[in-house]
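Below is one structure; the comments refer to it alone.
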Amino acid sequence: MHPFVTVIDWVAVAVFAISGALVASRKEMDIVGFGLIACMTGIGGGTLRDVLLDRPVFWTVDPTPMVICLVSALLVFFTAHIVDRRYPYLLWADAVGVAIYGVMGAELARLEGAGMLVSVVMGVMTATFGGLIRDVVCNETPLILRKEVYVTCAALAAATHVGLSAIGVPAVYAAGAGIALGFGLRALGI
Amino acid sequence: MHPFVTVIDWVAVAVFAISGALVASRKEMDIVGFGLIACMTGIGGGTLRDVLLDRPVFWTVDPTPMVICLVSALLVFFTAHIVDRRYPYLLWADAVGVAIYGVMGAELARLEGAGMLVSVVMGVMTATFGGLIRDVVCNETPLILRKEVYVTCAALAAATHVGLSAIGVPAVYAAGAGIALGFGLRALGI
Amino acid sequence: MHPFVTVIDWVAVAVFAISGALVASRKEMDIVGFGLIACMTGIGGGTLRDVLLDRPVFWTVDPTPMVICLVSALLVFFTAHIVDRRYPYLLWADAVGVAIYGVMGAELARLEGAGMLVSVVMGVMTATFGGLIRDVVCNETPLILRKEVYVTCAALAAATHVGLSAIGVPAVYAAGAGIALGFGLRALGI
């Protein structure tokens, strides 16, 4: 992958892992719970995407994303108690991650030869299923079922990228447009 | 696949998706929640089956079942509010789907060379795990743990099909007998 | 596999299946619920491990572990009502299973060529995700999020085995040391 894409991907992993760790903090879990929930949230969606596309699961090839999740969990574990109101951070972290993951998931599916609908679905799944797993495991009603905007943003980001790519726009512009639109829609609602 | 089998498969996808959308309706979700729960219920069991058998996941090859789920979700979204008592529909939709999926899952496992026990288990899994995912995600105690009859019907349908196929009965009769017995047992209990 | 390893594996499957069946008993499920929860708890972690490593799922190759789960469920179903206080049994069964599964999962990942971190993670996952699935499906807050010691023991068992194997200790001693340490740490906390 292009180094820029790799960095973008790592940022998305970190923000999702942080959103997971903040939920662990709200649930007053111990440090192992922080790490587990951070990993599930950060790499759960991409793991499902890779399993369904029958690609090698990304973190078994290069465990960097898992290390990022564990480090993020540690950071939140030792700093969350000084953050007074955590909820806004959770929202913004999710918004950034959802847009980036939506595009990344769709692009990986496209590279595997998937059609447009399946590519968009893989983008949505990559972006939202980490959070879904987080909420199901933490025994909460999943956020994506209460706040349709998450799924809509992921779908907008993924569909923009897939649509622009299909008419020949270079991947980096298509991805940029997708991330900007997905994040923009989410930002309007915060 | 034989066109008749394809149609049967699509009917089963639709009835399961509708049962998922009816739960989304009871939970007063928005349209995105309807679509997500309909997809999970309609294609979740078959997705798990394909992942475990290491087959290409069926809806990544041909996205028709996913389109059927989304259309079913839309239909229920715009018509569920005029249905007074929804519960009986949920039960009948599940009964038909369970029998068909039980046979389909077992047959696909058999074609992959699985033994008889594993084939029956795959049938049961195809038939019941969509509903299990639906209930787990919607934060309800899974129906299949409260109503053993679902699993029993799926197992009866799958075992009948696998057993008759093993003694040389042509697939279409074995499947018909399995679906009839599985549905019949369920119908007795409604 | 070496016959001794096979027997150890079967024992671990049985103790996990029993721990699942005891939860089904506490939840007053019927016999089908016993069987389902026993199977999910007994083979769920290893199933996820095999899917993520892209190995054939172990019980589709040889269904013995599934038979063990079903037999264990039957045994608990007919004997659990004479056991007065079930909770201690659940704890000890989990402790043995966690240590064994932690080592087994790590060893299988190592044989697939996974690095040390991924091998340890696979061990932890094999050891803890069956119980996680059990608790999520039964709609309880997962035990591994409340009792960090489970994950710590699995990680200790897996890391000991992976570390000793990396410096050339024969597999059987590395595994023995891992199981002993993992179980010992857990036993201290009971």
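Residue numbers (numbering that gives the first Met the number 0), protein chains in the order written: chain A, 0 to 189; chain B, 0 to 189; chain C, 0 to 189.
C-beta atoms are modelled at their ideal positions from N, C-alpha and C, and glycine is treated no differently.
Only a predicted model underlies this, so the values are computations on that prediction, with no experimental measurement involved.
Exercise. Three-state secondary structure (DSSP) at residue 114 of chain B?
Worked result: In the structure shown, residue 114 of chain B sits in coil (DSSP, three-state: anything other than H, G, I, E or B).
Problem set entry | Cβ contact (3+ pairs, closer than 8 Å) linking the region 111-124 of chain C and the region 29-38 of chain C | Contact between the region 111-124 of chain C and the region 29-38 of chain C is absent, because fewer than three Cβ pairs lie under 8 Å.
Problem set entry | Rounded separation between residue 144 of chain B and residue 135 of chain B - CA only | Here the alpha carbon of residue 144 of chain B sits roughly 11 Å from the alpha carbon of residue 135 of chain B.
Exercise. Excluding the five sequence neighbours on either side, which residues of its own chain have a C-beta within less than 7 Å of the C-beta of residue 39 of chain C, listed in chain order?
Worked result: Counting only residues of its own chain and dropping the five nearest sequence neighbours on each side, residue 39 of chain C has a CB closer than 7 Å to the CB of 19, 129, 132, 133 and 136.
Exercise. Name the chain B residues whose beta carbon is nearer than 9 Å to that of residue 55 of chain A?
Worked result: At a C-beta separation below 9 Å, residue 55 of chain A has no neighbours in chain B, since its nearest C-beta there lies roughly 13 Å away.
Exercise. Which of the three DSSP states, helix, strand or coil, is assigned to residue 38 of chain B?
Worked result: Under the three-state reduction of DSSP output, residue 38 of chain B falls in the helix class.
Problem set entry | Cβ separation of residue 126 of chain A and residue 104 of chain A, assumed to be a contact under 8 Å, to the nearest whole Å | Rounded to the nearest angstrom, the Cβ distance from residue 126 of chain A to residue 104 of chain A is 6 Å, consistent with a contact under 8 Å.
Problem set entry | For residue 150 of chain B and residue 160 of chain B, the rounded distance between their alpha carbons | Those two C-alpha atoms are separated by around 15 Å.
Problem set entry | residue 68 of chain A, enclosing alpha helix (DSSP H) - first and last residue | For residue 68 of chain A, the uninterrupted alpha helix (DSSP H) segment begins and ends at 63-78.
Exercise. Leaving out five residues before and five after residue 95 of chain B in sequence, what residues of the same chain have Cβ atoms less than 8 Å from its Cβ?
Worked result: Here the set comprises 10, 11, 14 and 182.
Exercise. Alpha carbon to alpha carbon, how far is residue 180 of chain B from residue 156 of chain B?
Worked result: Between residue 180 of chain B and residue 156 of chain B, the C-alpha separation is close to 6 Å.
For this session: Say whether chain B places a C-beta atom closer than 9 Å to the C-beta of residue 36 of chain A.
Result: No, its Cβ sits nowhere closer than 9 Å to a Cβ of chain B.
For this session: Using only alpha-carbon positions, find the residue among C:51, C:99, C:47 and C:185 that is nearest to residue 173 of chain C.
Result: Out of C:51, C:99, C:47 and C:185, C:99 has the C-alpha closest to the C-alpha of residue 173 of chain C.
For this session: Would you kindly report the start and end of the unbroken alpha helix (DSSP H) that includes residue 152 of chain B?
Result: Its alpha helix (DSSP H) spans residues 148-165.
Problem set entry | DSSP-derived helix/strand/coil call for residue 53 of chain A | Three-state DSSP puts residue 53 of chain A in coil, outside helix and strand.
Problem set entry | Secondary structure of residue 139 of chain B, DSSP reduced to three states | DSSP places residue 139 of chain B in coil when its eight states are reduced to three.
Exercise. Are the C-beta atoms of residue 23 of chain A and some chain C residue less than 9 Å apart?
Worked result: Residue 23 of chain A counts as touching chain C.
For this session: Indicate whether at least one CB of chain A lies closer than 9 Å to the CB of residue 139 of chain C.
Result: Chain A contact via Cβ: present.
Exercise. Shorter than 9 Å from the beta carbon of residue 187 of chain B to some beta carbon of chain A?
Worked result: Using a CB distance cut-off of 9 Å, residue 187 of chain B does not count as an interface residue toward chain A.
For this session: Give a yes or no on whether the C-beta atoms belonging to residue 185 of chain A and residue 97 of chain A are separated by under 9 Å.
Result: Yes.
For this session: Since I believe residue 140 of chain C is in contact with residue 138 of chain A (beta carbons under 8 Å), could you give me their beta-carbon distance rounded to a whole number of angstroms?
Result: About 5 Å separates the two Cβ atoms, so the contact holds.
For this session: Measuring only between beta-carbons, confirm whether residue 59 of chain C sits less than 9 Å from chain B.
Result: Chain B contact via Cβ: present.
Exercise. Ordered along the chain, which non-local residues of its own chain (more than five positions away) have a Cβ less than 7 Å from that of residue 54 of chain B?
Worked result: These residues qualify, in order along the chain: 111.
For this session: For chain C, find out if any of its Cβ atoms is closer than 9 Å to the Cβ of residue 83 of chain B; answer yes or no.
Result: With a pLDDT of only 45 at residue 83 of chain B, under the threshold of 50, the placement of this residue in the model should not be trusted, and no figure is reported.
Exercise. Would residue 101 of chain B pass as a contact of residue 152 of chain B if the rule is Cβ separation under 9 Å?
Worked result: A Cβ-Cβ contact shorter than 9 Å links residue 101 of chain B with residue 152 of chain B.
Problem set entry | Under the three-state DSSP convention, the category residue 93 of chain B falls into | Secondary structure of residue 93 of chain B (DSSP, three-state): helix.
Exercise. Looking at the structure shown, is residue 27 of chain A part of a helix, part of a strand, or coil, going by DSSP?
Worked result: Looking at residue 27 of chain A - three-state DSSP - the assignment turns out to be coil, as it is neither helix nor strand.
Exercise. For residue 83 of chain A, which of helix, strand or coil comes out of DSSP?
Worked result: The pLDDT assigned to residue 83 of chain A is 45, lower than 50, so where the model puts this residue is not dependable; a value taken from the coordinates is nonetheless given after this. Look at residue 83 of chain A here: in three-state DSSP terms it is coil, with no helix or strand label.
Problem set entry | Selection of the region 106-130 of chain B by Cβ proximity to chain A, strictly under 7 Å | Listed by position, the residues of the region 106-130 of chain B near chain A (Cβ gap below 7 Å) amount to none.
Problem set entry | Listed by chain order, chain B residues near residue 31 of chain A by CB distance under 8 Å | Under the 8 Å cutoff, chain B gives no residues; its nearest Cβ is about 23 Å from residue 31 of chain A.
For this session: Output yes if chain A places a C-beta closer than 9 Å to the C-beta of residue 143 of chain C; else output no.
Result: Yes, its Cβ sits closer than 9 Å to a Cβ of chain A.
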